[in-house]
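S.K.: So the protein lines, in turn, are chains A and B.
Heads up, the first sequence is in the numbering used here, so the first residue is 249 and it goes up one at a time.
Heads up, the second sequence is in the numbering used here, so the first residue is 249 and it goes up one at a time.
Note that beta-carbon positions come from the ideal geometry of N, C-alpha and C, so glycine has one too.
Since the structure is predicted, the reported quantities are computational estimates derived from the model, not experimental observations.
Number of protein chains: 2
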Amino acid sequence: MQRDHAAEIADILLHPAFRTAIETLDREHERTVADIITLTEIPSPPFKEDKRAAAYLEMLRAHGLDDVERDEIGNVMGVRRGTGNGAMIVVAAHLDTVFPEGTDVTVRREGTKLYAPGVGDDTRSLAVLLAFLRAMDVAKIRTRHDILFVGDVGEEGLGDLRGVRHLFTQGRYRDKIEAFITVDSPEMDEIVVGGVGSKRYSVRFRGPGGHSFKAFGLVNPMYAMAQAIVELGRIPVPSQPPTTFCASIVGGGTSINAIPEETWIEIDLRSESVAELQRLDERCRAIMVAAVAQENAVRSTKNGEVTLHIKPVGDRPAGGTPLHADIVQRATAAYRACGFTPAHVASSTDANIPMSLGIPAIKIGSGGTGGRAHSLAEWIDVEKTASLAGMRASLATILAVAGLEDGGAD
Amino acid sequence: MQRDHAAEIADILLHPAFRTAIETLDREHERTVADIITLTEIPSPPFKEDKRAAAYLEMLRAHGLDDVERDEIGNVMGVRRGTGNGAMIVVAAHLDTVFPEGTDVTVRREGTKLYAPGVGDDTRSLAVLLAFLRAMDVAKIRTRHDILFVGDVGEEGLGDLRGVRHLFTQGRYRDKIEAFITVDSPEMDEIVVGGVGSKRYSVRFRGPGGHSFKAFGLVNPMYAMAQAIVELGRIPVPSQPPTTFCASIVGGGTSINAIPEETWIEIDLRSESVAELQRLDERCRAIMVAAVAQENAVRSTKNGEVTLHIKPVGDRPAGGTPLHADIVQRATAAYRACGFTPAHVASSTDANIPMSLGIPAIKIGSGGTGGRAHSLAEWIDVEKTASLAGMRASLATILAVAGLEDGGAD
C-alpha cells in the first residue's frame, strides 16, 4: 500500500461530511435492516429477477437518483451526479439469488441474526447501497465522478454475469465507466481483485443405440464419453495461475439391456488466466473430438456413428485488477483503517467482466458477518457495531474511488 | 433330427384325438382372441403381476386343473394329471410385461391385428395355454406325464426370472420336473435352446465432493468411473460363445460447479457360456477396483477416498439344452411338420433356469406373428390360419414331450 492512499483514506475518514454520513448509517441502522428483510422476501430466482428489480427500481427512484431506469437486460440503475466532467464509476449489487422459484424466502430473525435464502448473497448489499445513498445525501457529500448505482441481474450460475456483461458491452454508459465496485456478501476479510474465468459446457454424445446383447459391437456413446472424461482428468494445468477442470454432472442411457442412444456430461473449466483458460478449453474440445473419433474407429458404425454436440452453458471471462491499481490500494487502505486485514483473492463475480476489459474493478463487502451462502440455511448478522465497521470501510472505498469533493455537512 | 422324432410327431399329428384338438382350437379361435384381449388389458408391470395373476388363477381353475394355487413368489399354476408315475413337465408363459404402472394397455384391433403393450410378449401365450387345455379336454387327450401349467412372474428385466427360479429351487414340484417348455411370444421361426446368462450391476463410485475450483485436486469419482468404463470397453470377448458387455445407464453429480459426491453406472454382462460369463464378471470387478485405486493414487484423498459399491441387480444363469436332446428334436420335428423352419438360438428366457440346472428346456412360440415387443407399438396378428399353424406345432411339441397316450376322441 502506498503511503498516499492511506493518507487519502485518513482524510476521508476524518472529513466532517463522512462523519455525518456514518452517524446517519448508525441512526438509520434499523431502517437498513428493514430494507434487507423487505428485499430478501421478494423472491429473485435466476432469470426471474423481475419482481425484485421492479421494487428496487422504485427504491432507487425514491432515493433521488437521476435517470433511474431498467435497461434491456433487466438491470435497474440510477445516477448520482458528480461535479466532474462526467466520468463515471459503478457501484453494483446483484439482484438475483441462486434459489429456484418456490423457495421459502421468509426471513427469520433471532436477535441480530437474520436467516433466509439469499439474505447475505447479495440482498444485504442492495439495502446497504440505499443506506449509502441516504447517508451521502444527509451529509451533502459530493463526488468528482458520477456514480451509477446498479442492481444487476444474472450474477449467479447460469446467469453467467449477463447483467454486468450487458452494462459493459451494450449499455448506454459502457464508454464512460472508469471503475467498477461490486458490493457482494457481508464478509470484510477479503477484497476480490482477480476474476476467475470459466467456460462451461454441456456435452452430448449420441449414437444409434441397440440391444445390449444382440447389437453388441456397435458404437456406444458411453465409451466415447468415458474416454473423454479420462483424458480430461489427465490434462496438466498450472497451480499458478490457478487453473482447474471438473467433470461435474453425468447422465444418459435408458435401460440396463440397451446400448445408450445418448449420454451427456457437464464440464466446468476455470482459470485466473485468460491464456490458460483458452489453452484448457482448446485441449478439452480436442479431447472430445478425438474420443468420439476413436469410438467410431474401434466399434461398428453400421447403424450410425457416435456424434458430438458441445453446447456452451457458461462463459465468464478471466481477468484481474493489479494489486498496485489505485482501486485496490484505496480499498485496502480503507479496510485497514477500519480495522480489517483483507486478503486479496480471485473469485468469480460481476467484477470479472470489467476486469476482462481492463477496467479497474474490485469486489468489496457489505459489512457484518454471514454464512451458509447458497444453502437454505443462509444467514447474516446485522449486529450494529460490526455492520457499521464494514459499511464504513466500503463507503470510504467508494468515496475514494469516486473522488470525495471538499465541502458537505460537518 | 433323428428319424424317430419325425415319426413320433407324424403319429401325433395324425392321431384322431390330436385332430379333434386342432378342430377345437379352430372352432374356438375367437374365444382365444377374446382371452388375449382380456388378459392384455389387465396391467402386469414388473413386480406388480398380482391382478393378472389372480385373474389367470381363476381361469386355470375354470379349466379344470388340479391343485390350482398361487405359490410363495406369485406364480399361478395347476396340474393336468398324466397316466404315468407322476413325472412332470412344465408348460409356462410369463405373466409380467416390461411396461410400468400407468401404461395404457387398452387393446386396439385393426382387422386381424391387435395393438397393445405386452399383447405378444407374453400375454398371447397365456391365452394359448388355456386354448390348449380346452382342446385337450374336448379331445380327451391323456399324457403319460403330469403337465404343470404355469403363469409365472418376473421374467422381464429386473424380475430376473424370479418366478421360474423359485419353481426350480423352492417350489413344491422342484424335484419332479423332467422338462420345461416356455411358450413366449408368437414367432415360429426359432426355438430357443440356449440360455444367455447375464450378470447386471449397479455400481456406485462415491467421494468427498467439493467445489470445482476451490477444491480442485481432490479425488473425483467421475474419473474413476470413466476409467472403469473405458477399460470395460476394451475387454476382449469371444464372438463364440457370444459374450458381451454394455455400459448402459449412467448418472451422478449435483451441480456444474461441484466435484460430484457420487456417480453410478449400470452394467450388463452376458454370455452363452457359464465359464466366459464368469471370466467377464471377474475381469469387470477387477477393473472397477483398479480404477478406484488409481483415482485415489493420482489425486488428493485428504478429504476422503473414492469408494466402490457394487450392487448386483441381475443374475441369470447361462445354460443350454443340447441340440440332440429329445426335447429339441421333438420341437424341431413338430415345427418342420407344420411348415416352419426354425433356427436354434440362444436368448435370455425363463428356460435359462432349468437349462442351468441341466434340465431339458426350450422356448417355443405361441403362433401367428407379431412385432415391436417392449415398445408401446407392440402388436400381434391373430389371423386364424397362421395362428393355428403355430399352435399346432407347439401343441404337438408339448404332447410329444409329455408323452401322448393312445386313445382319446376321434
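Strictly below 9 Å CB to CB, what residues from chain B border A:P508?
M.R.: C494, A495, S496, I497, V498
S.K.: Of the residues that make up the region 316 to 339 of chain A, which ones have a beta carbon closer than 7 Å to any beta carbon in chain B?
M.R.: none
S.K.: Below 8 Å, can you find three or more Cβ-Cβ pairs linking the region 407 to 417 of chain B to the region 559 to 572 of chain B?
M.R.: Segments in contact, yes.
S.K.: So is B:N505 in contact with chain A if we call contact Cβ pairs under 7 Å?
M.R.: yes
S.K.: In its own chain, which residues sit with a C-beta less than 6 Å from the C-beta of B:G458, not counting the 5 before and 5 after it?
M.R.: L466, I507
S.K.: Quick check for students: name the residue ranges of the alpha helix (DSSP H) that lie wholly in the region 349 to 423 of chain B, counting only runs of 4 or more.
M.R.: Inside the region 349 to 423 of chain B, DSSP marks whole alpha helix (DSSP H) runs of 4 or more residues at positions 372 to 386, 410 to 417, from first to last along the chain.
S.K.: Let me make sure I understand the geometry here. Which of B:V398, B:G405, B:D432 has the alpha-carbon closest to that of B:G419?
M.R.: The option with the nearest alpha carbon to B:G419 is B:V398.
S.K.: Within 7 Å (strictly less), CB to CB, does A:M470 reach chain B?
M.R.: yes
S.K.: Which bits of chain B does A:T511 rub up against, with CB to CB less than 8 Å?
M.R.: By Cβ distance, chain B contributes V498.
S.K.: Confirm, please, whether the CB-CB distance from B:K632 to B:D430 is below 7 Å.
M.R.: Correcting the residue type first, residue 430 of chain B is Thr in the shown sequence and not Asp. No.
S.K.: Do the CB positions of A:T280 and A:T371 come within less than 7 Å of each other?
M.R.: no
S.K.: What does the alpha-carbon distance come out to for the pair A:A269 and A:G606?
M.R.: 32 Å
S.K.: At what residues does the alpha helix (DSSP H) containing B:R452 begin and finish?
M.R.: Run containing B:R452: none in the alpha helix (DSSP H); it sits in the beta strand (DSSP E), 445 to 454.
S.K.: I want to see whether chain B comes within less than 7 Å of A:A258, judged by CB atoms only; does it?
M.R.: no
S.K.: Expressed to the nearest angstrom, what Euclidean distance is found between the alpha-carbon atoms of A:K296 and A:G405?
M.R.: 13 Å
S.K.: Within 10 angstroms of its Cβ, does B:G613 collect 16 or more other Cβ (buried), or is it exposed?
M.R.: buried
S.K.: What residues match up with B:A341 in a beta bridge as DSSP calls it?
M.R.: Per DSSP, the beta-bridge partners of B:A341 are B:G399.
S.K.: Under 8 Å between beta-carbons, which chain B residues line up against A:E514? List them in chain order, please.
M.R.: Going along chain B in sequence order, the residues near A:E514 (Cβ under 8 Å) are G501, I504.
S.K.: Check the Cβ-Cβ distances between A:V478 and every residue of chain B, and say whether any is below 7 Å.
M.R.: yes
S.K.: Using a Cβ cut-off of 7 Å, pull out every chain A residue sitting near B:Q526, in sequence order please.
M.R.: Within chain A, no residue comes near B:Q526; the closest Cβ sits about 17 Å away, beyond 7 Å.
S.K.: So, at 6 Å on beta carbons, what are the nonlocal neighbours of A:S635 in its own chain, with the 5 sequence-adjacent residues on each side left out?
M.R.: G615, G616
S.K.: Under three-state DSSP, which class holds A:E271?
M.R.: Correct three-state label for A:E271: helix.
S.K.: On the three-state DSSP scale, how would you describe A:E256?
M.R.: helix
S.K.: Whole angstroms is fine: what's the gap from A:L362's alpha carbon to A:E349's?
M.R.: The straight-line gap from Cα to Cα measures roughly 21 Å.
S.K.: Give the DSSP-derived three-state secondary structure of B:E297 in the structure shown.
M.R.: coil
S.K.: Spatial neighbours of A:A379 within its chain, please: CB distance less than 6 Å, with the 5 preceding and 5 following residues excluded, ordered by chain position.
M.R.: L273, T280
S.K.: Buried or exposed: where does B:K447 fall if 16 or more other Cβ atoms within 10 Å of its Cβ makes it buried?
M.R.: buried
S.K.: Less than 7 Å between the beta carbons of A:D314 and A:V327, yes or no?
M.R.: yes
S.K.: Check whether the region 335 to 345 of chain B and the region 249 to 265 of chain B are in contact - that is, three or more C-beta pairs closer than 8 Å.
M.R.: no
S.K.: For B:P560, report the span of its beta strand (DSSP E) as first-last.
M.R.: 555 to 564
S.K.: May I ask you to report which of helix, strand or coil DSSP gives B:F464?
M.R.: coil
S.K.: Just checking my contact of B:M536 with B:L556 at CB under 8 Å: how many whole Å lie between their CB atoms?
M.R.: 6 Å
S.K.: Going straight from the alpha carbon of A:R640 to that of A:C586, what length do you get?
M.R.: One C-alpha to the other measures close to 7 Å.
S.K.: Say whether chain B places a C-beta atom closer than 7 Å to the C-beta of A:F347.
M.R.: Chain B has no Cβ within less than 7 Å of the Cβ of A:F347.
S.K.: Given a limit of 7 Å on CB to CB distance, which residues of the region 577 to 608 of chain B reach chain A?
M.R.: none
S.K.: Work out the CA separation of A:V546 and B:A545 for me, nearest whole Å.
M.R.: 29 Å
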